[in-house]
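Scroll down for the structure; my scribbles are underneath it.
Structure below.
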């Protein structure tokens, strides 16, 4: 994707990541966080900047090349000090919710950023070769519910990958379910995450909803998505049914093995 101006989405990405880093480190204030990073990551001391403050207030974005998986220095320092803390920066949802177009190879690179449990769902691991279109698994409605069934920073990324996969595959229904899934997952995270993260997530949810309202259903010509409150109720019911079926299968398997 070509370079472009810094967007509100870029600033929200940095803000959400650094606020999560404050939570993981258990400190308040930029100086205290920098001290923790120096100590835990083994960094040599250098002149402190106000960059972390600006990230936290949503006034600055991490300047990186536009590609899946890019990181800035402070993100790397945070990950060295607190492994796993870069998740809110690394999740491909930020990259994939930029206006497209997106291509199969970009989506494949984004999928490969996800934890292993998502790769099993989204990749045809038995198909060799360079063709991203073949390596990416066709996804159906039940798979969207599976991706959304345990809301997390990574399930957001997985749903964004599913959205773009469905878009270039022309799967209108799956595309729509993925949009609902992203917004529904954000609602779950807003309700469950610490207060420090809730503010940027609320703003992210609004940005995402505004963006989705501009999209057309793939192959439909001029039809908008037209998502309503009832769609979220149905989606939530379907996720619960998926979890119930999953629990029943696990119980049956346990009985077969131990019965």
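Numbering (this note's numbering), first residue to last: 15 to 273.
All C-beta atoms, glycine included, are put in the ideal place defined by N, C-alpha and C.
Residue(s) in a DSSP beta bridge with residue i
i, result
"residue 238", "230"
"residue 150", "137"
Residue i and residue j closer than 8 Å at C-beta
i, j, result
"residue 231", "residue 189", "yes"
"residue 85", "residue 214", "no"
"residue 66", "residue 94", "no"
"residue 23", "residue 111", "yes"
"residue 137", "residue 148", "no"
"residue 249", "residue 194", "yes"
"residue 157", "residue 75", "no"
"residue 29", "residue 69", "yes"
"residue 253", "residue 169", "no"
"residue 210", "residue 36", "yes"
"residue 118", "residue 152", "no"
"residue 167", "residue 102", "yes"
"residue 123", "residue 82", "yes"
Neighbour-count burial assignment, residue i, 16 or more Cβ in a 10 Å radius
i, result
"residue 240", "exposed"
"residue 312", "The requested residue 312 is not part of the displayed model; the chain covers only 15 to 273."
"residue 134", "exposed"
"residue 120", "buried"
"residue 224", "exposed"
"residue 72", "buried"
"residue 165", "buried"
"residue 16", "Interpretation of residue 16 is limited by its pLDDT of 47, a score under 50 that renders its predicted location unreliable; the figure taken from the coordinates is listed afterwards. By the 10 Å Cβ count, residue 16 comes out exposed."
"residue 160", "buried"
"residue 187", "exposed"
Collapsed DSSP secondary structure at residue i in the structure displayed
i, result
"residue 64", "coil"
"residue 91", "helix"
"residue 252", "helix"
"residue 185", "coil"
"residue 121", "helix"
"residue 169", "helix"
"residue 222", "helix"
"residue 38", "helix"
"residue 206", "helix"
"residue 50", "helix"
"residue 103", "helix"
"residue 58", "coil"
Whole-Å CB distance - residue i paired with residue j, under 8 Å assumed
i, j, result
"residue 128", "residue 171", "6 Å"
"residue 226", "residue 200", "Wrong, their Cβ atoms sit about 11 Å apart, outside the cutoff."
"residue 174", "residue 106", "6 Å"
"residue 196", "residue 180", "With 8 Å as the limit, residue 196 and residue 180 do not qualify as a contact, their Cβ atoms being about 12 Å apart."
"residue 108", "residue 27", "4 Å"
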